[in-house]
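Here the structure is laid out as structure tokens; the discussion comes afterwards.
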Amino acid sequence: MKQKYFISIGFVVLIGVIIVLVFRVTSLQKETADNNQKLSARIANFESSINSLNKTIDSLKEQVPGLGEYMTTIQLHMAKLWFAGQAKNWDLAKFEVHEIEETMEVVANLNITRKDVNISSVIQSVLNSQIPDLEKAIQEKSLVKFETAYEQTVITCNSCHNAVGHQFIHVIKPTSPPVTNQKWEPVLPDQETD
Ligand code: HEC
């Protein structure tokens with residue numbers, strides 16, 4: 058009789074445990090499903106962020122000037138540089154060389170190769186030799202040294218153009234000012250309203 062009683066108790070406890078376990082499993086399943094849903098939502102969010110980021114990168118790439126634009130900028134500053142030197146306006150000459158230098162640094166960082174020519178390293182060598190020669194001549198206010206350094210720079214411009222198969226882009230010393238709305242001669246303090 059006692060044995061039967063214990064078996065019944067055991068049976069009730071067992072049923073209880075089973076019910077608790079079933080509840081637990083169901084709630085865990087629900088929790089997992091919820092988590093999966095949250096995770097999918099986050100992944101979808103993440104994917105859409107990446108897509109919009111890619112679109113931004115593509116549009117930024119389109120807005121970045123190409124090598125041709127940088128070259129046109131360098132060409133303009135080279136022309137101004139010549140007239141600044143001829144007018145012995147050494148402050149302006151220094152400024153123009155600096156502008157060329159800055160643009161060349163941007164070009165060097167583009168890491169482009171054309172016709173097996175590593176544009177960055179050739180530009181870097183111009184930055185390491187012809188540009189300092191120009192700066193030195195300007196610092197010494199020597200027109201002779203300035204003209205020599207200028208001619209050497211023009212030679213390096215064209216030798217790179219030749220190397221990349223662009224011999225048709227042939228830079229020369231300018232024969233007339235690139236703009237007419239800028240004074241090349243140094244401005245004396247009492248002429249500032251000219
Ligand atoms: C390392 C090589 C390299 C050097 C050095 C170089 N260029 Fe260029 N240049 C190029 C390449 C490549 C192009 C063609 C760009 C393109 O494909 O749009 C070019 C194009 C040009 C153009 C034509 C731009 C246009 O769209 O009409 C001018 C002008 C020019 N360069 C001026 C200069 C001047 C001035 C110098 C020297 C101070 C110089 N370049 C030095 C590689 C060089």
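Heads up: take any position in the sequence shown, counting from 1, add 57, and you land on the working numbering. Note that CB positions come from ideal geometry on N, CA and C, so glycine has one too.
One alpha carbon belongs to His134, the other to Glu153, and they sit about 6 Å apart. The C-beta of Lys137 has 16 or more other C-beta atoms within 10 Å across all chains shown, which makes the residue buried. Cα atoms of Lys198 and Ala206: separation of roughly 13 Å, rounded to the nearest angstrom.
Sorting Ser109, Lys145 and Ile131 by C-alpha distance to the C-alpha of Val211 places Ile131 at the top. Taking a cut-off of 8 Å for Cβ pairs, the segment 170–184 and the segment 213–229 touch, as three or more such pairs fall below it.
For the 8 Å CB-CB criterion, Ile195 and Ala150 form a contact. By the Cβ criterion, the segment 158–172 is in contact with the segment 216–223, since at least three pairs of Cβ atoms, one from each stretch, lie closer than 8 Å. Nearest in C-alpha terms to Glu156, of all of Leu78, Val244, Met128 and Val121, is Met128.
Per DSSP, the continuous alpha helix (DSSP H) segment holding Pro189 begins and ends at Gln187 to Gln196.
The ligand HEC approaches Thr210 closely enough that one of its heavy atoms is under 7 Å from the residue's Cβ. Residues of the same chain with a CB within less than 8 Å of the CB of Gln86, apart from the 5 flanking positions on each side, do not exist. If you draw a straight line from the Cα of Gln209 to the Cα of Phe225, it comes to about 19 Å.
No Cβ-Cβ contact shorter than 8 Å links Ile176 with Val163.
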